[in-house]
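**Student:** In the numbering used here, the protein residues as written are 136 to 296. For every residue, glycine included, the Cβ atom is placed at its ideal position computed from N, Cα and C.
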Amino acid sequence: MADLSSQINLITSKLSEQLNTLEQEYQRWSDYKTDYDALENQLKTLPDNTTKSAMIPMGKLAFMPGKLIHTNEILVLLGDQYYAERSAKQAVEILGRRRQVVDENLRLVEAQLNSFKAKKESILDAGALSTSDPQVNEPNDCPVENQSLSKDAYTIKVLPR
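#1: Would you mind listing the beta strand (DSSP E) stretches within the region 178-253 that are 3+ residues and don't spill past its ends, in chain order?
#2: Could you tell me whether the Cβ of leucine 157 comes closer than 9 Å to any Cβ of chain C?
#3: Output needed for isoleucine 204: all residues of its chain with C-beta closer than 8 Å, excluding positions within five of it in sequence on either side, in chain order.
#4: Could you name the residues of the same chain whose beta carbon sits closer than 6 Å to that of proline 192, not counting the 5 residues immediately before and after it, in chain order?
#5: What residue from Ala261, Asp170, Asp183 and Lys195 has the CA that sits closest to valine 237's CA?
#6: Can you tell me the Cβ-Cβ gap for tryptophan 164 and asparagine 249, rounded? I've got them flagged as a contact below 8 Å.
#7: For leucine 178, count the other beta carbons within 10 Å of its own beta carbon; 16 or more makes it buried, fewer makes it exposed. Which is it?
#8: Pull up the distance between the alpha-carbon of tyrosine 217 and that of valine 211, whole angstroms please.
#9: For the pair the region 143-162 and the region 219-237, tell me if three or more CB-CB distances fall below 8 Å.
#10: Starting from the C-beta of isoleucine 146, find all residues in its chain whose C-beta is less than 8 Å away, skip the five residues before and the five after it, and write them out in chain order.
#11: Between leucine 213 and the rest of its own chain, which residues show a CB-CB distance below 8 Å, the 5 nearest in sequence each way excluded?
#12: Exposed or buried, which one is alanine 253 when buried takes at least 16 other CB atoms within 10 Å?
#13: With a threshold of 16 other CB atoms inside 10 Å of the CB of leucine 284, please say whether the residue is buried or exposed.
#14: Tell me which residues share the same chain as isoleucine 209 and place their Cβ nearer than 6 Å to its Cβ, disregarding the 5 neighbours each side in the sequence.
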């Protein structure tokens with residue numbers, strides 16, 4: 136019995152580690168989603184004006200007040216250090232496609248999380264049943280009220296301690 140409980144503890148600890156990893160990954164994807172939402176809001180409001188006031192970085196620690204001009208021209212990262220100049224509307228469309236990937240990954244990670252949680256609960260339930268010392272009672276050994284049993288019918292009941 137001690138060997139079985141140690142195996143159950145080992146399995147549940149491994150599942151807990153995997154659950155923690157999946158929760159961190161879910162948090163990372165949800166952070167991407169909130170960042171994309173904020174970026175979309177900013178991209179939709181940028182082309183409203185021809186210039187926008189901003190704090191311009193002048194080094195690692197220095198910022199200086201300035202103005203952004205040509206606010207409808209957005210430099211979009213296509214991947215692997217390739218950039219393209221797009222309008223704000225085109226950048227919002229690209230952002231929408233990226234958000235679809237983020238939503239799909241969120242759904243996949245959430246499904247994996249639910250699966251691992253169900254596995255952990257079933258293993259803990261199975262471990263609780265197997266570690267308790269089952270007792271087998273014959274129908275004639277214990278009195279049962281309001282139940283008629285024939286001599287041919289034997290039932291085995293597993294009672295927890």
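**Tutor:** This is what the structure holds:
#1: Listed in chain order, the beta strand (DSSP E) runs fully inside the region 178-253 are 186-192, 198-204, 208-214 and 217-222, counting runs of at least 3 residues.
#2: No chain C is part of this structure, which consists of one protein chain only.
#3: Residue mapping note: residue 204 aligns to position 69 of the sequence shown, counting from 1. Leaving aside the five residues that flank isoleucine 204 on each side, the residues in its chain whose CB is nearer than 8 Å to its CB run, in chain order, Thr185 and Thr186.
#4: Your numbering for residue 192 matches position 57 in the sequence shown. Taken in chain order, the residues that qualify are Phe198.
#5: If you number the sequence shown from 1, residue 237 lands on position 102. Each of Ala261, Asp170, Asp183 and Lys195 was checked against the Cα of valine 237, and the nearest Cα belongs to Asp170.
#6: Counted from its first residue, the sequence shown places residue 164 at position 29. Counted from its first residue, the sequence shown places residue 249 at position 114. The pair is not a contact, with the Cβ atoms about 15 Å apart (cut-off 8 Å).
#7: Here the question's residue 178 lines up with position 43 in the sequence shown. Buried, because 16 or more other Cβ atoms sit within 10 Å of the Cβ of leucine 178.
#8: In the sequence shown, residue 217 corresponds to position 82, counting from 1. In the sequence shown, residue 211 corresponds to position 76, counting from 1. One C-alpha to the other measures close to 9 Å.
#9: Too few Cβ pairs lie closer than 8 Å, so no.
#10: Looking up residue 146 in the sequence shown gives position 11. So the list reads Ile258, once near-sequence residues are dropped.
#11: Stepping through the sequence shown from its first residue, residue 213 is reached at position 78. Within the same chain, Cβ atoms closer than 8 Å to the Cβ of leucine 213 are found at Ala219, the five residues on either side in sequence being excluded.
#12: Here residue 253 refers to the residue found at position 118 of the sequence shown. Around the beta-carbon of alanine 253, fewer than 16 other beta-carbon atoms lie within 10 Å, marking it exposed.
#13: In the sequence shown, the residue the question calls residue 284 occupies position 149. Caution applies to leucine 284, whose pLDDT of 49 falls short of 50 and renders its modelled position unreliable; the value that the coordinates give is listed next. Within 10 angstroms of the beta-carbon of leucine 284 lie fewer than 16 other beta-carbons, which makes it exposed.
#14: Taking the sequence shown and counting its residues from 1, the one referred to as residue 209 is at position 74. Annotation for isoleucine 209: Arg221, Ala223 and Ala226 place their beta carbon closer than 6 Å to its own, counting only its chain and skipping 5 residues before and after.
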